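Below you'll find the structure, written out as structure tokens, and then a few comments.
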Amino acid sequence: MAKTKDSKVEERPKWDNKVQYMLTCIGFAVGLGNVWRFPYLCQIYGGGAFLIPYLIALVFEGLPLLYLELAIGQRLRKGSIGVWNSISPLLGGVGIASMLVSFLVGIFYNTILAWVLWYFFHSFQNPLPWSQCPLNDNQTDYNVECQRSSPVNYFWYRETLNITPNIETSGSLQWWLVICLASAWCVVYICLIKGIKSMGKAVYVTATFPYLVLTIFLIRGLTLPGAIDGLVYLFTPNWDILKNPRVWLDAATQIFFSLSVAFGGLIAFSSYNEERNNCERDALLVGIINSATSLYASISIFAILGFKATTAFNSCQQDNILTLTNHFEIPDKNITLETYDQWFEHLNSTYPKEIANLPLWHCDLQTYLGQSASGTGLAFILFTEAVIEMPGSQVWAVLFFIMLLSLGLSSMFGNIEGVLTPINDLKLLPKWIPNEVVTAIICLISFLTALIFTLGSGNYWVEVFNNYVGSVPLLIIAFFEFIGVIYVHGMKNFSEDIYFMTGSRPSIFWRQCWLWISPLLLLIVLVAYVIVQAQEYPVYPAWNADREPFPGTDTLNYPEWVFAIIILLCVVPVLPIPLVALYRLILRCTKKSSARTDLNPYSNDGFQIET
340 MAKTKDSKVE
350 ERPKWDNKVQ
360 YMLTCIGFAV
370 GLGNVWRFPY
380 LCQIYGGGAF
390 LIPYLIALVF
400 EGLPLLYLEL
410 AIGQRLRKGS
420 IGVWNSISPL
430 LGGVGIASML
440 VSFLVGIFYN
450 TILAWVLWYF
460 FHSFQNPLPW
470 SQCPLNDNQT
480 DYNVECQRSS
490 PVNYFWYRET
500 LNITPNIETS
510 GSLQWWLVIC
520 LASAWCVVYI
530 CLIKGIKSMG
540 KAVYVTATFP
550 YLVLTIFLIR
560 GLTLPGAIDG
570 LVYLFTPNWD
580 ILKNPRVWLD
590 AATQIFFSLS
600 VAFGGLIAFS
610 SYNEERNNCE
620 RDALLVGIIN
630 SATSLYASIS
640 IFAILGFKAT
650 TAFNSCQQDN
660 ILTLTNHFEI
670 PDKNITLETY
680 DQWFEHLNST
690 YPKEIANLPL
700 WHCDLQTYLG
710 QSASGTGLAF
720 ILFTEAVIEM
730 PGSQVWAVLF
740 FIMLLSLGLS
750 SMFGNIEGVL
760 TPINDLKLLP
770 KWIPNEVVTA
780 IICLISFLTA
790 LIFTLGSGNY
800 WVEVFNNYVG
810 SVPLLIIAFF
820 EFIGVIYVHG
830 MKNFSEDIYF
840 MTGSRPSIFW
850 RQCWLWISPL
860 LLLIVLVAYV
870 IVQAQEYPVY
880 PAWNADREPF
890 PGTDTLNYPE
900 WVFAIIILLC
910 VVPVLPIPLV
920 ALYRLILRCT
930 KKSSARTDLN
940 PYSNDGFQIE
950 T
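When the sequence shown is numbered by my numbering, its final residue is 950 and no position is left out of the sequence of numbers.
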């Protein structure tokens, strides 16, 4: 193969060792979604039954795309834009699209880390500030809004977000969140200041510490009362729910986003590898560890949430016991939690009218176990409420938020690298500007853009970005990745490239997945996702302090102007794909020379890297 003029393989940075590379890829793939979305999906979609569509999506959709990205990055040793320009100039827009998605995801993702820092700083207080309502301005009674909701809700919605009633009411910048956001970006910058050299050192902590904390939580959680109830609830299969097409759609999108493919970060990481490296083994390890982490986190999380549900259930029965003993003459007031059911059945059969008129709570363990949530609801409401009931709650709170911080930082490294590597490869900035300055500029621009998330309406905008930036654009990018490598570059050439790197050609399983199974699945998921979203007008949960019971939110329709922004967030990141292709086609037509060579300059020579 001939060597391209601008490829300076010997000058490209390299990982210090294979462990750094693997930890970085695992840290990028394993993120907050493994802890706060996968358990939620398992719970609402039939427990263990959800694992069936999830594993199918992993094998036929996630792993093939992960393998493809690691392979092309390692072979070409370029960022996402350089990779696709090398395969075909017409595909240059795919790399730009990946870079835009990485930037947009990074700015809202680091806002979540700002919230984590805010809770982390408050986790050292005794008692925890979300364990009780604050006093009102007159210092005579507890805050009314807090009493109408709960201390945990109040601390999240009012003390942390100071949230507005709806997305149309912007509110002001919350100075404490601005400081936390600046701190989060400073931490990211420090870890990335020397590129893969400093990032490679940071991942030793950020990629491994979450597993230590999850293990500690698992050991502690399994010793708590009610842990088994939580695990039984999580993994009890409901086979009928597999008839719901939404289950398969969510499973496919979950594994897709969980592996962090199509962001460009994995391509960038693998580009710093040695050319001769077994990228197939790397892909399998990263994919399997990512999914195993989701299962491991689910066990830890639901053991503790089972304890929370049991505590709430017992508290409900204690309140009813107090009401019953005050109303009826019961010898020695001897109704206990163990004898509650027998006493209640006896009293209900003896005094049915009086029991019906008493203000008794409906206590049902399954109802409390069902009060789970994904995303911020799990991290900042349900789990913080569970921590309050645990002995030494400050210690558990500190560990939990350090774990979230580590998970988030590892993912942020990939998001920012998906922006920095293409910029450096394209040499868009003068050579005299050092990489440290380029990184600082990207972090500063991201921080200033993310200030919208520190407004009173900031949480609503985080939900908008979270739901729509990382959905349709990534599916479209991934589809064109398959088309570019397999149908433009060619399966034969790609197989030869893999043979050069690994010493063996891809098996029939990989070839069939790349040729038609994975692209077809992606196309089906994309079309199904658009159809599902088009059937209902998008809505969002808005905080209402007067609403009861938990969680104190109302479901509102997005205003039309916000709906327009949602469409832009789905469309604009992928516009470079057709625009770049059209622009270069026009250039080629005007030059009227070497048309066939320009369209596919590597038709027989692979990736044009000297071997």
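Beta carbons are placed, not taken as given, at the ideal position from N, Cα and C, and that holds for glycine.
Everything numeric in this text was worked out from a predicted model, so none of it was measured.
Quick one: residues in its chain with C-beta nearer than 7 Å to the C-beta of T778, no 5 flanking neighbours on either side, listed in chain order?
The answer, listed in chain order, is Y528, L531, I532, L759.
Enumerated in chain order, which unbroken segments of the alpha helix (DSSP H) with a length of 4 residues or greater are wholly contained in the stretch 871-931?
Here the runs fully enclosed are 899-910, 915-930.
For L699, which residues of its own chain have a beta-carbon under 7 Å away from its beta-carbon, when the five flanking residues on both sides are left out?
The answer, listed in chain order, is N659, T662.
How far does the alpha helix (DSSP H) with H461 in it extend, from its first residue to its last?
Here the alpha helix (DSSP H) through H461 covers 431-461.
Span of the alpha helix (DSSP H) holding I638?
Counting along the chain, the alpha helix (DSSP H) containing I638 begins and ends at 618-666.
What does a CB cutoff of less than 6 Å around Y876 pick up in its chain, not counting 5 residues either side in sequence?
Within the same chain, Y876 has close Cβ partners N896.
When DSSP builds the beta bridges, which residues end up paired with Y481?
Its beta-bridge partners are L474.
Using a Cβ-Cβ distance cut-off of 8 Å, determine whether S462 contacts chain B.
Chain labels in this structure do not include chain B; a single protein chain is all it has.
Can you tell me the Cα-Cα spacing of A725 and D836, whole angstroms?
Cα-Cα distance, rounded: 52 Å.
Could you give the residue range of the alpha helix (DSSP H) that holds I609?
Per the sequence presented here, residue 609 reads as Ser, with Ile not at that position. Counting along the chain, the alpha helix (DSSP H) containing S609 begins and ends at 604-609.
With a threshold of 16 other CB atoms inside 10 Å of the CB of R585, please say whether the residue is buried or exposed.
Burial call: exposed.
If you follow the alpha helix (DSSP H) that G560 is part of, which residue opens it and which one closes it?
Note, G560: alpha helix (DSSP H), 548-561.
For a test of the three-state rule: what should DSSP assign to C956, helix, strand or coil?
Beyond the ends of the chain as shown, which are 340 and 950, falls residue 956; an answer cannot be given.
Less than 8 Å separating the beta-carbons of P378 and L581?
No, the Cβ-Cβ distance between P378 and L581 is not below 8 Å.
Compare the Cα-Cα distances from N754 to each of V600, S462, N583 and report the closest residue.
Comparing Cα-Cα distances from N754 to each of V600, S462, N583, the minimum goes to V600.
In its own chain, which residues sit with a C-beta less than 6 Å from the C-beta of C519, not counting the 5 before and 5 after it?
Within the same chain, C519 has close Cβ partners A453, L456, W457.
With DSSP run on the structure shown, which of helix, strand or coil describes D671?
Below a pLDDT of 50, predicted positions are generally treated as unreliable, and D671, at 48, falls in that range; the measurement from the model is reported next regardless. If DSSP states are grouped into helix, strand and coil, D671 belongs with the helices.
Please work out which residues of its chain come closer than 8 Å, Cβ to Cβ, to Y679, disregarding the five sequence neighbours upstream and downstream, and give them in chain order.
So the list reads Q656, N659, I660, once near-sequence residues are dropped.
So, with DSSP's three-state summary, where would you put H685?
In the structure shown, H685 sits in a helix (DSSP, three-state: H, G or I).
Could you have a look at S732 and say whether DSSP puts it in helix, strand or coil?
Three-state result, S732: helix.
Rounding to the nearest angstrom, what Cα-Cα distance links T664 and W515 in this structure?
The alpha-carbon atoms of T664 and W515 are separated by roughly 48 Å.
Are there 16 or more other CB atoms within 10 angstroms of the CB of K417, so buried, or fewer, so exposed?
That one is buried.
Name the two residues that bound the continuous alpha helix (DSSP H) containing K357.
Counting along the chain, the alpha helix (DSSP H) containing K357 begins and ends at 357-368.
Could you work out which residue in Y406, D621, F595, P352 is closest to F848 when comparing CA atoms only?
Looking at the Cα atoms, Y406 is the closest of the given residues.
With distance defined between alpha-carbon atoms, name the residue in L854, V901, L744, T715 nearest to W285.
As shown, the chain starts at 340 and ends at 950. That puts residue 285 outside it, with no answer to give.
Can W578 and A388 be called in contact, C-beta distance under 8 Å?
Going by C-beta atoms, W578 is nearer than 8 Å to A388.
Could you tell me which whole alpha helix (DSSP H) segments of length 4 or greater appear in the stretch 777-833?
Runs of the alpha helix (DSSP H) inside the stretch 777-833: 797-807, 811-821.
Applying the 10 Å Cβ sphere with the 16-neighbour rule, what's the burial state of I780?
With fewer than 16 Cβ atoms within 10 Å of its Cβ, I780 is classed as exposed.
Using 8 Å as the cut-off, can you tell me whether the stretch 763-772 makes contact with the stretch 441-451, which would need three or more C-beta pairs spanning the two stretches below that distance?
Not touching, per the Cβ criterion.
Within the same chain, show all residues whose beta-carbon is closer than 6 Å to that of V482, passing over the 5 residues directly before and after it, in chain order.
A small correction: the amino acid at residue 482 is Asn; Val does not occupy that position in the sequence shown. Result list for N482: C472, P473, N475, in chain order.
In three-state DSSP terms, what is W375?
Looking at W375 - three-state DSSP - the assignment turns out to be helix.
For H828, count neighbouring C-beta atoms within 10 Å of its own C-beta (all shown protein chains included) and say buried if the count is 16 or more, exposed if not.
With 16 or more other Cβ atoms within 10 Å, it is buried.
Just to confirm, are G569 and A642 a CB contact at a threshold of 8 Å?
In this structure, A642 lies closer than 8 Å to G569 by Cβ.
With C-beta atoms as the reference, is F909 less than 8 Å away from Y807?
The identity of residue 909 in the sequence shown is Cys, whereas the question assumes Phe. Contact flag set, yes.
What does a CB cutoff of less than 8 Å around L860 pick up in its chain, not counting 5 residues either side in sequence?
The answer, listed in chain order, is A396, F399, E400, A591.
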